[in-house]
Amino acid sequence: MDRDKNLDTYQEFVKGIWRDNPVFVQVLGMCPMLAVTNSAINALVMGGATLFVLMGSSFLVAAFKKWIPKQVRISLYIIIIATFVTVADYTLLALLPGVHKELGAFIPLIVANCMILGRQEAFASRHGVRFAMMDAAGMSLGFVLALFSLGSIREILGNGSLFNIPLFGETFEPWVIMILPPGGFITLGLILLFFNWVAARKKAFLEQVVQAERESL
Amino acid sequence: MNELVWIFVSALLINNFVLAYFLGLCPFLGVSGRLETSFRLGLATTFVLIVTALCAWFLNTYILIHAPYLRLISFIVVIASTVQFIEMAIKKLSPALFKALGIFLPLITTNCAILGLAIFATNRGYNLVEGLIFALGAGAGFTLAMVLMAGLREETELSDVPALMQGTALNLIIAGILSMAFMGFAGLFSST
Chain R
0 MDRDKNLDTY
10 QEFVKGIWRD
20 NPVFVQVLGM
30 CPMLAVTNSA
40 INALVMGGAT
50 LFVLMGSSFL
60 VAAFKKWIPK
70 QVRISLYIII
80 IATFVTVADY
90 TLLALLPGVH
100 KELGAFIPLI
110 VANCMILGRQ
120 EAFASRHGVR
130 FAMMDAAGMS
140 LGFVLALFSL
150 GSIREILGNG
160 SLFNIPLFGE
170 TFEPWVIMIL
180 PPGGFITLGL
190 ILLFFNWVAA
200 RKKAFLEQVV
210 QAERESL
Chain C
0 MNELVWIFVS
10 ALLINNFVLA
20 YFLGLCPFLG
30 VSGRLETSFR
40 LGLATTFVLI
50 VTALCAWFLN
60 TYILIHAPYL
70 RLISFIVVIA
80 STVQFIEMAI
90 KKLSPALFKA
100 LGIFLPLITT
110 NCAILGLAIF
120 ATNRGYNLVE
130 GLIFALGAGA
140 GFTLAMVLMA
150 GLREETELSD
160 VPALMQGTAL
170 NLIIAGILSM
180 AFMGFAGLFS
190 ST
């Protein structure tokens, strides 16, 4: 692919983690994001499953893109994704039955995570295998990071613990609301607010720099 | 009968798909800008949910007993193609209804509430009638959440919101407060 010539492997990997973070910047994949992040361990398992599915399907889509007819591509992507999700579902059931039970219907629902389908359509179907894998790895690590930060904030405040290890001792009164659904919405809202604030600060700073340069001339 | 009422009210209020299970958040955050559009989208989704419940029951009863590991793949393929088929049928039979549903009908297929309904109904072992009532309740709950959210968002457009808060951050916090209000319904059935 000549399109890949001006891509940088490292850049493709890093962009998903911070600059184009699927959750905080693009606001994709919200359903699993909010539903399973009531504890850090659930968030990590969910993130791991998503990583596996996204890497696997990106690899297949990028490798077979020449044979996928344009008209039925979306259905084919979904079938590929659903296959990997089924594998992840049964693997978790065998290895971590406890967590699998807690996540329940949300493991199969990875299929409906618009982030995964979005990466196939926007990236994997247009680039070579190597870049598609880099992109998938970066995006899913960004997703894991988002899940983990939300999950640990909610677990620390809502349960007073992290990975089931108590942090504050007996006197801590847990904010039960944080592990209930409203806590998920509000925490994510506040995190997005923080990201908006950082972006606004950065913009103001850059404008200041430009201003100062102009004055010095 | 009591059981059916419970399934309906539970899906409508207590375990509202959007506000308690976080299903169908994309349209909930994306399309809920206008009241009328939200209501139409809610109705279209309810319709697709009911069709999905039928499909899921049929697949579970006749096909998936022999191959449970194909559940996810067959659900998503059958649901997507059924919605496509219904879209064509409605276009042919009732252009007015087709126009009213508009672009929403194909988009609904990718709404995770649809697949979520099929999986929940399977996990809980609902029969055909229970599944249909569950779908009706879930659809009504989705419509209710959409309409409430759209009403609130139309209000926020008129008020003076700090620039940093605008957009998704504000919508998520509004959704959180709505979800908190819906938690109040949890006491509805516990006493009986």
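Chains R and C supply the protein sequences, listed in that same order.
Here numbering that gives the first Met the number 0 is used: the first residue of the first sequence is 0, the next is one more, and so on.
Here numbering that gives the first Met the number 0 is used: the first residue of the second sequence is 0, the next is one more, and so on.
C-beta atoms are modelled at their ideal positions from N, C-alpha and C, and glycine is treated no differently.
Cβ distance (whole Å) where residue i is taken to contact residue j below 8 Å
{"i": "Ala168 of chain C", "j": "Asn195 of chain R", "result": "6 Å"}
{"i": "Ile80 of chain R", "j": "Ile115 of chain R", "result": "6 Å"}
{"i": "Gly188 of chain R", "j": "Leu177 of chain C", "result": "Actually they do not touch by this definition, with Cβ atoms about 12 Å apart."}
Separation of residue j from residue i, as counted between CA atoms
{"i": "Phe148 of chain C", "j": "Phe27 of chain C", "result": "First, the residue type needs correcting, since residue 148 of chain C is Met and not Phe in the sequence shown. Cα to Cα, the separation comes out at about 8 Å."}
{"i": "Asn110 of chain C", "j": "Gly23 of chain C", "result": "5 Å"}
{"i": "Ile178 of chain R", "j": "Phe63 of chain R", "result": "42 Å"}
{"i": "Leu92 of chain C", "j": "Glu86 of chain C", "result": "10 Å"}
{"i": "Leu27 of chain R", "j": "Leu108 of chain R", "result": "14 Å"}
{"i": "Asp7 of chain R", "j": "Gly137 of chain R", "result": "13 Å"}
{"i": "Thr186 of chain R", "j": "Leu43 of chain R", "result": "17 Å"}
{"i": "Leu11 of chain C", "j": "Pro165 of chain R", "result": "36 Å"}
{"i": "Val22 of chain R", "j": "Leu161 of chain R", "result": "22 Å"}
{"i": "Ala120 of chain C", "j": "Arg33 of chain C", "result": "31 Å"}
{"i": "Ser190 of chain C", "j": "Gly183 of chain C", "result": "Caution is warranted here: a pLDDT of 45 is assigned to Ser190 of chain C, below 50, making its placement in the model unreliable, and the coordinate value is therefore given only provisionally. Ser190 of chain C and Gly183 of chain C: Cα-Cα distance of roughly 14 Å."}
{"i": "Asn112 of chain R", "j": "Gln207 of chain R", "result": "40 Å"}
{"i": "Ala134 of chain C", "j": "Phe204 of chain R", "result": "52 Å"}
{"i": "Trp66 of chain R", "j": "Thr49 of chain R", "result": "25 Å"}
{"i": "Phe191 of chain R", "j": "Gly15 of chain R", "result": "Note on residue identity: the sequence assigns Leu, not Phe, to residue 191 of chain R. C-alpha separation (whole angstroms): 16 Å."}
{"i": "Gly150 of chain R", "j": "Ser38 of chain R", "result": "5 Å"}
{"i": "Ile78 of chain R", "j": "Ile72 of chain C", "result": "6 Å"}
{"i": "Glu120 of chain R", "j": "Glu214 of chain R", "result": "46 Å"}
{"i": "Leu94 of chain R", "j": "Leu187 of chain C", "result": "38 Å"}
{"i": "Ala135 of chain R", "j": "Phe122 of chain R", "result": "9 Å"}
{"i": "Met0 of chain R", "j": "Ala131 of chain R", "result": "Bear in mind that the predicted position of Met0 of chain R carries a pLDDT of just 46, short of 50, making it unreliable; the figure below should be weighed with that in mind. Answer to the nearest angstrom: the Cα atoms are 12 Å apart."}
{"i": "Val13 of chain R", "j": "Gln25 of chain R", "result": "15 Å"}
{"i": "Gly150 of chain C", "j": "Arg123 of chain C", "result": "34 Å"}
Identity of the residue in the options nearest residue i by Cα
{"i": "Asn20 of chain R", "options": "R:Met177, R:Glu212 and R:Val143", "result": "R:Val143"}
{"i": "Ser74 of chain R", "options": "C:Gln83, C:Tyr68 and C:Ala66", "result": "C:Gln83"}
{"i": "Gly182 of chain R", "options": "R:Arg125, R:Thr36 and R:Leu92", "result": "R:Thr36"}
{"i": "Leu102 of chain R", "options": "R:Leu33, R:Glu172 and R:Gln210", "result": "R:Leu33"}
{"i": "Ala145 of chain R", "options": "R:Trp17, R:Arg125, R:Glu11 and R:Pro180", "result": "R:Trp17"}
{"i": "Arg72 of chain R", "options": "R:Arg129, R:Ser124 and R:Thr85", "result": "R:Ser124"}
{"i": "Asn41 of chain R", "options": "R:Arg129, R:Gln210, R:Pro96 and R:Val60", "result": "R:Pro96"}
{"i": "Ala112 of chain C", "options": "C:Gly41, C:Glu35, C:Asn1 and C:Ala88", "result": "C:Gly41"}
{"i": "Phe21 of chain C", "options": "C:Gly166, C:Met145 and C:Lys90", "result": "C:Met145"}
Any chain C beta carbon closer than 8 Å to residue i
{"i": "Pro218 of chain R", "result": "Because residue 218 of chain R is not part of the residues shown, which for chain R are 0 to 216, the question remains open."}
{"i": "Asn195 of chain R", "result": "yes"}
{"i": "Leu91 of chain R", "result": "no"}
{"i": "Ala104 of chain R", "result": "yes"}
{"i": "Gly55 of chain R", "result": "no"}
{"i": "Asp1 of chain R", "result": "Legend: pLDDT at Asp1 of chain R = 48, less than 50; position of this residue unreliable, no value from coordinates given."}
{"i": "Pro96 of chain R", "result": "no"}
{"i": "Met177 of chain R", "result": "no"}
{"i": "Thr82 of chain R", "result": "yes"}
{"i": "Ser148 of chain R", "result": "no"}
{"i": "Val110 of chain R", "result": "yes"}
{"i": "Pro180 of chain R", "result": "yes"}
{"i": "Leu59 of chain R", "result": "no"}
{"i": "Phe184 of chain R", "result": "yes"}
{"i": "Met29 of chain R", "result": "yes"}
Test: residue i CB closer than 8 Å to a CB of chain R
{"i": "Ala19 of chain C", "result": "yes"}
{"i": "Met164 of chain C", "result": "yes"}
{"i": "Ala137 of chain C", "result": "no"}
{"i": "Leu12 of chain C", "result": "no"}
{"i": "Thr222 of chain C", "result": "Residue 222 of chain C falls outside the range modelled here, since chain C spans only 0 to 191, and no answer is possible."}
{"i": "Thr81 of chain C", "result": "no"}
{"i": "Ile62 of chain C", "result": "no"}
{"i": "Cys54 of chain C", "result": "no"}
{"i": "Gly175 of chain C", "result": "yes"}
{"i": "Ser190 of chain C", "result": "With a pLDDT of 45 at Ser190 of chain C, under the threshold of 50, the predicted position of this residue should be treated as unreliable, and no value is reported."}
{"i": "Gly41 of chain C", "result": "no"}
{"i": "Leu24 of chain C", "result": "yes"}
{"i": "Ser9 of chain C", "result": "no"}
{"i": "Leu48 of chain C", "result": "no"}
{"i": "Asn59 of chain C", "result": "no"}
{"i": "Tyr125 of chain C", "result": "no"}
{"i": "Ala134 of chain C", "result": "no"}
{"i": "Ser37 of chain C", "result": "no"}
Under 7 Å by beta carbon: chain D residues contacting residue i
{"i": "Thr167 of chain C", "result": "The chain inventory of the structure shown lacks chain D, comprising the protein chains R and C."}
Distance cut-off 7 Å: residue i Cβ against heavy atoms of the ligand MN
{"i": "Val26 of chain R", "result": "The ligand MN is absent from the structure shown, which contains no ligand whatsoever."}
Review point. Using 8 Å as the Cβ pair cut-off and three pairs as the minimum, do the stretch 41-48 of chain C and the stretch 138-146 of chain C touch?
Key: yes
Review point. With a cut-off of 8 Å, do at least 3 Cβ pairs link the stretch 71-90 of chain R to the stretch 139-157 of chain R?
Key: no
Review point. Are at least three pairs of beta-carbons, each pair with one atom in the stretch 50-64 of chain R and one in the stretch 162-174 of chain R, less than 8 Å apart?
Key: no
Review point. Are the stretch 53-72 of chain C and the stretch 116-132 of chain C in contact at 8 Å, needing three or more beta carbon pairs?
Key: yes
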